[in-house]
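> Note that our numbering has the sequence shown beginning at 289, numbered continuously upward.
A virtual CB, placed ideally from N, CA and C, is assigned to each residue, including glycine.
The model shown is predicted, which means the values in this text are computed figures rather than measured ones.
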Amino acid sequence: MQLSDHDSSSSQRYSFNPTLNWNPQLHNYFIKAYGSDHFSRISSALTRPSRYSCIRVNTLCSNSDDVIEKLRLIVKQSLNGGDIEGGDDVVNPLKECLDLDSGPFMKCRIPGLDYVVFVWGSGPHRVDYGNVAPKEVIVSRKCAEAVLRGAQVYIPGIMACSAHVEKGDTVAVSVAIEQQGSDGGWSSGMTRGITLQGSETDPYYLERNGLYIGQGTAMLSRAGMFRVTEGLGVDMKDRVYELHSFHNVLEGEIFLQNLPSIIAAHALDPQMGERILDMCAAPGGKTTAIAILMKDKGEVIATDRSHNKVLDIQKLAAELGLSCIKAFKLDACKSVSLRNDIDTSIDTCHHNATNDVKNQVSSNLQVEKMPPLVTESFKTETLEENGKGEKIHGGAYPSKAEIRKSMRRARNGPGRNQSGGGRVDSLKGFNPDSFDRVLLDAPCSALGLRPRLFAAEETIESLRSHAKYQRRMFDQAVQLVRPGGVIVYSTCTINPGENEALVRYALDKYKYLSLAPQHPKIGGPGLVGSCEFPDGYVEEWLRPGEENLVQRFDPSSPLDTIGFFIAKFAVGSKDT
Numbered sequence: 289m290q291l292s293d294h295d296s297s298s299s300q301r302y303s304f305n306p307t308l309n310w311n312p313q314l315h316n317y318f319i320k321a322y323g324s325d326h327f328s329r330i331s332s333a334l335t336r337p338s339r340y341s342c343i344r345v346n347t348l349c350s351n352s353d354d355v356i357e358k359l360r361l362i363v364k365q366s367l368n369g370g371d372i373e374g375g376d377d378v379v380n381p382l383k384e385c386l387d388l389d390s391g392p393f394m395k396c397r398i399p400g401l402d403y404v405v406f407v408w409g410s411g412p413h414r415v416d417y418g419n420v421a422p423k424e425v426i427v428s429r430k431c432a433e434a435v436l437r438g439a440q441v442y443i444p445g446i447m448a449c450s451a452h453v454e455k456g457d458t459v460a461v462s463v464a465i466e467q468q469g470s471d472g473g474w475s476s477g478m479t480r481g482i483t484l485q486g487s488e489t490d491p492y493y494l495e496r497n498g499l500y501i502g503q504g505t506a507m508l509s510r511a512g513m514f515r516v517t518e519g520l521g522v523d524m525k526d527r528v529y530e531l532h533s534f535h536n537v538l539e540g541e542i543f544l545q546n547l548p549s550i551i552a553a554h555a556l557d558p559q560m561g562e563r564i565l566d567m568c569a570a571p572g573g574k575t576t577a578i579a580i581l582m583k584d585k586g587e588v589i590a591t592d593r594s595h596n597k598v599l600d601i602q603k604l605a606a607e608l609g610l611s612c613i614k615a616f617k618l619d620a621c622k623s624v625s626l627r628n629d630i631d632t633s634i635d636t637c638h639h640n641a642t643n644d645v646k647n648q649v650s651s652n653l654q655v656e657k658m659p660p661l662v663t664e665s666f667k668t669e670t671l672e673e674n675g676k677g678e679k680i681h682g683g684a685y686p687s688k689a690e691i692r693k694s695m696r697r698a699r700n701g702p703g704r705n706q707s708g709g710g711r712v713d714s715l716k717g718f719n720p721d722s723f724d725r726v727l728l729d730a731p732c733s734a735l736g737l738r739p740r741l742f743a744a745e746e747t748i749e750s751l752r753s754h755a756k757y758q759r760r761m762f763d764q765a766v767q768l769v770r771p772g773g774v775i776v777y778s779t780c781t782i783n784p785g786e787n788e789a790l791v792r793y794a795l796d797k798y799k800y801l802s803l804a805p806q807h808p809k810i811g812g813p814g815l816v817g818s819c820e821f822p823d824g825y826v827e828e829w830l831r832p833g834e835e836n837l838v839q840r841f842d843p844s845s846p847l848d849t850i851g852f853f854i855a856k857f858a859v860g861s862k863d864t
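The following block contains the structure:
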């Protein structure tokens, strides 16, 4: 049947066909690195989620077979949830021998990874929005990316809604992607609470063509959506991608993690009884993977410069029942202690809040207790019980500035750099050569994470800034690993300047480093060559023969993973 012009235009509008726009200079750089066709496939793959979820089983308390049986009772099997648009161009090799009668669950068959369970989803699906313009909800870009991964639409992510939407109505969900303003900045440019009229005068009416991610049931009226600040806004019923959500499912038994991240922990090859450092460890996924591979025997030190992220690591370690993990607040660029910072008077028996047991802290950790925050209850106790605000209970007198700051926190919640509650320990660094192995999963441009609907804000200059920061952290890692030890460096970006260029820097600067084989090895080879920029700067990548000693995970490959990079270095004698 031939579609009418109206039906055709409606079909194109109410679809999901995003295009990832890049900074022009950055686009040219990636074309030089990958070639035009290959980068076009990568860019397209980044806008879509992987069509499976990867679950890491906590083998200290469960196993893959038991987890699969429990998940069968929890997860609705929706492999065939609707009409598929296009389907798989290439069969994912991870999906070979999948028994459809057993549902979407499958134990990983990669040697050594039998504790990993794949849960297969499906998509893209063709969603039927009806023959008339539907009532709509516009969500933020970050909310839409979460929905594409299987989440629901929650109130904070709703930006706009059609007039006369009532609880129980079916609504189409589209996304507002950041646009460049006259000042050169990027923003959605949309005031939360706007009423949609269903006409071309609506905000981003044309820009939202091909950016509909599904439809669901409104859980509140339009007025209710913008009157409350939290809760479920739209219960998604028909999605472009059907992926299972594992929020609060089998806590302590499983952890949702991307496959390349699991392989990065495996590449480190931690052994029982060793002393391991995980730099930039938050939220703790790789930290806990390392501890489980060590059977919780040894010492895993996890550091992050954010107070709240350290608390997240502690919480996850406690949830998984791991006692060998100690988490500290420390800037990765200051990981090596200065000799005059060593404090021999530190009590080496330190209370670990993660597992509520006493753990021995090695003498080369320079521990500095973080002072507790002045709280509203402390302020009230001081002023009301003492009347004049003098010292009570032997405590310190809080200044008026501290009291005002505490009251602002009570009203507004913790700021980006403020504690979310709880005590963590701060470090002044570690002695050189004090670890058997170091994992540096470096903060990066994250241009391999998917689904990604916006990338235009990154520039050549911002990527160079990431690379400089990563080199500083790597310099610290090299000093901390003993001769004969191992460093694993990883990122979640497709940018060779943060991947292959870091390897080139490391091998050229530290002659006692060499690339080491990785197991398991399922990623592709690295990029060989170099790239010259218009300003004359030449970025050196790998040399022939080195490409197969790293792992590069291509989001457009049949493995259907995020973009990721892993390099493993063996540390030789530092005296040479």
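(1) Quick check on the DSSP output: the beta strand (DSSP E) that includes residue 567 runs from which residue to which?
(2) Using the Cα positions of residue 586 and residue 823, report the straight-line distance between them to the nearest angstrom.
(3) Can you name the start and end residues of the alpha helix (DSSP H) that residue 620 belongs to?
(4) For residue 591, which residues does DSSP report across the bridge?
(5) So the candidates are 826, 793 and 837; which of them puts its Cα closest to the Cα of residue 812?
(6) With distances taken between CB atoms, is the gap from residue 488 to residue 449 smaller than 9 Å?
(7) Does DSSP put residue 490 in a helix, in a strand, or in coil?
(8) Please report the straight-line C-alpha distance between residue 461 and residue 552, rounded to a whole angstrom.
(9) How would you call residue 668, buried or exposed, if buried means at least 16 neighbouring beta carbons within 10 angstroms?
(10) Who are the Cβ neighbours of residue 594 in its own chain at under 7 Å, not counting the five residues just before and after it?
(11) With 16 as the cutoff for other CB atoms within 10 Å, does residue 560 come out buried or exposed?
(12) Which of helix, strand or coil does DSSP assign to residue 716?
(13) Please list the terminal residues of the continuous alpha helix (DSSP H) segment that includes residue 308.
(14) Can you find the residues in the same chain that come closer than 7 Å, C-beta to C-beta, to residue 507, ignoring five residues on each side of it along the sequence?
(15) How big is the Cα-Cα spacing for residue 526 and residue 415?
(16) In whole angstroms, what is the alpha-carbon distance linking residue 427 and residue 481?
(17) Thinking C-beta only, is residue 393 closer than 9 Å to residue 360?
(18) Classify residue 832: buried if its beta carbon has 16 or more other beta carbons within 10 angstroms, exposed otherwise.
(19) Can you tell me which of the three DSSP states residue 560 falls into?
(20) Indicate whether at least one CB of chain C lies closer than 9 Å to the CB of residue 730.
(21) Determine the extent of the alpha helix (DSSP H) in which residue 410 is found, giving its start and end residues.
(22) Can you name the start and end residues of the beta strand (DSSP E) that residue 484 belongs to?
(23) Is residue 846 closer than 9 Å to residue 380 when the C-beta atoms are compared?
(24) With three or more beta-carbon pairs closer than 8 Å as the criterion, would you say the region 762-781 touches the region 718-732?
(25) Compare the beta carbon distance of residue 493 and residue 528 with 9 Å and say whether it is the shorter of the two.
(26) Skipping 5 residues on each side, what residues in its chain have a beta carbon closer than 7 Å to that of residue 369?
(27) Quick one: what does DSSP say residue 730 is sitting in, helix, strand or coil?
(28) Within 10 Å of its beta-carbon, does residue 337 have 16 or more other beta-carbons around it, so buried, or fewer, so exposed?
(29) Quick one, which of 814, 620 and 863 has its alpha-carbon nearest residue 853's?
(30) If I measure Cβ to Cβ from residue 861 and keep anything under 7 Å in the same chain, skipping five residues before and after, which residues do I get?
(31) Applying the criterion that 16 or more other CB atoms from any shown protein chain within 10 Å of the CB defines a buried residue, is residue 451 buried or exposed?
(32) Among residues of its own chain, excluding the 5 on either side of residue 402, which ones have a beta-carbon nearer than 8 Å to its beta-carbon?
(33) Determine the burial state of residue 825: buried for a count of at least 16 other Cβ atoms within 10 Å of its Cβ, exposed for fewer.
(34) Return the CA-CA distance between residue 302 and residue 432, expressed in angstroms with no decimal places.
(35) Rank 618, 792 and 819 by C-alpha distance to the C-alpha of residue 590 and give the top, closest one.
(36) Ordered along the chain, which non-local residues of its own chain (more than five positions away) have a Cβ less than 7 Å from that of residue 306?
Answer, in terms of the structure:
(1) As a position in the sequence shown, residue 567 is number 279, starting the count at 1. Start and end: 563-567.
(2) Walking along the sequence shown from the start, residue 586 turns up at place 298. Walking along the sequence shown from the start, residue 823 turns up at place 535. Straight-line Cα distance between these residues: approximately 49 Å.
(3) Stepping through the sequence shown from its first residue, residue 620 is reached at position 332. Note, residue 620: premise wrong, no alpha helix (DSSP H); not H, not E.
(4) The count along the sequence shown starts at 1 and reaches residue 591 at position 303. Answer is 616, bridged to residue 591.
(5) Working through the sequence shown from its first residue, we reach residue 812 at position 524. Checked all of 826, 793 and 837; the closest Cα to residue 812 is 837.
(6) Your numbering for residue 488 matches position 200 in the sequence shown. Your numbering for residue 449 matches position 161 in the sequence shown. Contact flag unset, no.
(7) Within the sequence shown, residue 490 is the residue found at index 202, counting from 1. Here residue 490 sits in coil by DSSP.
(8) In the sequence shown, counting from the first residue as 1, residue 461 sits at position 173. In the sequence shown, counting from the first residue as 1, residue 552 sits at position 264. Spanning the two alpha carbons is a distance of roughly 36 Å.
(9) Counting from one through the sequence shown, the residue named residue 668 turns up at place 380. Interpretation of residue 668 is limited by its pLDDT of 38, a score under 50 that renders its predicted location unreliable; no figure is taken from the coordinates.
(10) If you number the sequence shown from 1, residue 594 lands on position 306. Taken in chain order, the residues that qualify are 570.
(11) By 1-based counting over the sequence shown, the position of residue 560 is 272. It is exposed - the Cβ of residue 560 has fewer than 16 other Cβ atoms within 10 Å.
(12) Within the sequence shown, the letter at position 428 stands for residue 716. In the structure shown, residue 716 sits in a strand (DSSP, three-state: E or B).
(13) Working through the sequence shown from its first residue, we reach residue 308 at position 20. Counting along the chain, residue 308 falls outside any alpha helix (DSSP H), and DSSP gives it neither H nor E.
(14) Counted from its first residue, the sequence shown places residue 507 at position 219. If we look at residue 507 and ignore the five residues flanking it on each side, its Cβ neighbours are 455, 520, 521, 522 and 523.
(15) One-based indexing of the sequence shown puts residue 526 at position 238. One-based indexing of the sequence shown puts residue 415 at position 127. Each residue's alpha carbon lies about 6 Å from the other.
(16) Here residue 427 is taken as the residue at index 139 of the sequence shown, counted from 1. Here residue 481 is taken as the residue at index 193 of the sequence shown, counted from 1. Residue 427 and residue 481 have their C-alpha atoms roughly 11 Å apart.
(17) Taking the sequence shown and counting its residues from 1, one reaches residue 360 at position 72. Taking the sequence shown and counting its residues from 1, one reaches residue 393 at position 105. Remark: C-beta atoms of residue 360 and residue 393 approach each other more closely than 9 Å.
(18) Here residue 832 refers to the residue found at position 544 when the sequence shown is read from its first residue. Flag for residue 832 reads exposed.
(19) Numbered from 1 along the sequence shown, position 272 holds the residue referred to as residue 560. Of the three classes helix, strand and coil, the one that applies to residue 560 here is coil, per DSSP.
(20) This model lacks chain C altogether; it includes just one protein chain.
(21) Residue 410 sits at position 122 when you count from the first residue of the sequence shown. No alpha helix (DSSP H) contains residue 410, which DSSP labels as neither H nor E.
(22) In the sequence shown, residue 484 corresponds to position 196, counting from 1. Residue range 482-484 is occupied by the beta strand (DSSP E) that includes residue 484.
(23) As a working mapping, residue 380 is identified with position 92 in the sequence shown. As a working mapping, residue 846 is identified with position 558 in the sequence shown. Going by C-beta atoms, residue 380 is nearer than 9 Å to residue 846.
(24) At 8 Å Cβ cutoff, the stretches touch.
(25) By one-based count along the sequence shown, residue 493 stands at place 205. By one-based count along the sequence shown, residue 528 stands at place 240. With respect to the 9 Å criterion, residue 493 and residue 528 are not classified as neighbours on the basis of their beta carbons.
(26) Taking the first residue of the sequence shown as position 1, residue 369 is located at position 81. With a pLDDT of 46 at residue 369, under the threshold of 50, the modelled position of that residue is not reliable, and the figure given next carries that caveat. Same-chain partners within the cutoff: 410, 413 and 530.
(27) As a first step, residue 730 must be located in the sequence shown, where it is residue number 442. If DSSP states are grouped into helix, strand and coil, residue 730 belongs with coil.
(28) Working through the sequence shown from its first residue, we reach residue 337 at position 49. Counting of Cβ neighbours within 10 angstroms places residue 337 among the buried residues, the total reaching 16 or more.
(29) The residue you call residue 853 lines up with position 565 of the sequence shown. That would be 814, whose Cα lies nearest to the Cα of residue 853.
(30) For the purposes of this step, residue 861 is taken as the residue at position 573 of the sequence shown. Only 771 and 800 meet the Cβ criterion.
(31) On the sequence shown, residue 451 is found 163 positions in, with the first residue counted as 1. Exposed.
(32) Position 114 of the sequence shown, counting from 1, holds the residue named residue 402. Scanning its chain for C-beta atoms nearer than 8 Å, with the 5 sequence neighbours on each side dropped, one finds around residue 402 the residues 352, 395 and 396, in chain order.
(33) Residue 825 sits at position 537 when you count from the first residue of the sequence shown. By the beta-carbon neighbour count (other beta carbons within 10 angstroms, threshold 16), residue 825 is exposed.
(34) Working through the sequence shown from its first residue, we reach residue 302 at position 14. Working through the sequence shown from its first residue, we reach residue 432 at position 144. Their backbone Cα atoms lie some 15 Å apart in a straight line.
(35) Locating residue 590 in the sequence shown gives position 302, counting from the first residue. Between residue 590 and the set 618, 792 and 819, the nearest pair of CA atoms involves 618.
(36) Taking the sequence shown and counting its residues from 1, the one referred to as residue 306 is at position 18. Cβ neighbours of residue 306 beyond the five flanking positions: 335, 498, 499 and 741.
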